[in-house]
Amino acid sequence: LAEERPTPMKRIGIADEFGQSGNPDELLKIYHLTAEDIAEAAKELISKIRS
């Protein structure tokens, strides 16, 4: 995609650190990977593009 059309992106993932163990739902919250967190990151990127 970037080769043909430059496209703004936001990388979402786990930082370069030792991971934690636990309940999967809790881990998603800790690492900001819930559906709500991802939607918020997308909204922030869209607002940056539009400004």
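Convert by adding 216 to the 1-based position in the sequence shown; the result is the number in the working numbering.
Don't be surprised by glycine CBs; every beta carbon is placed ideally from N, CA and C.
(request) Rounded to whole angstroms, what's the CA-CA distance from residue 236 to residue 229? Just pull it up for me. (result) Working through the sequence shown from its first residue, we reach residue 236 at position 20. Working through the sequence shown from its first residue, we reach residue 229 at position 13. One C-alpha to the other measures close to 14 angstroms.
(request) Taking residue 262 as the reference, give the member of 225, 251, 252 and 232 with the closest Cα. (result) Position 46 of the sequence shown, counted from the start, is the residue given in the question as residue 262. Nearest C-alpha to residue 262: 225.
(request) Look at the alpha carbon of residue 252 and the alpha carbon of residue 232, and state the distance between them as a whole number of angstroms. (result) Reading the sequence shown from its first residue, position 36 is the one you call residue 252. Reading the sequence shown from its first residue, position 16 is the one you call residue 232. Looking at the two C-alpha atoms, the distance is approximately 22 angstroms.
(request) In angstroms with no decimal places, state the Cα-to-Cα distance between residue 254 and residue 220. (result) Translated into positions along the sequence shown, residue 254 becomes position 38. Translated into positions along the sequence shown, residue 220 becomes position 4. Approximately 25 angstroms between the Cα atoms of the pair.
(request) Have a look at residue 250 and residue 258 and give me their C-alpha separation to the nearest angstrom. (result) Translated into the one-based positions of the sequence shown, residue 250 becomes position 34. Translated into the one-based positions of the sequence shown, residue 258 becomes position 42. Between residue 250 and residue 258, the C-alpha separation is close to 12 angstroms.
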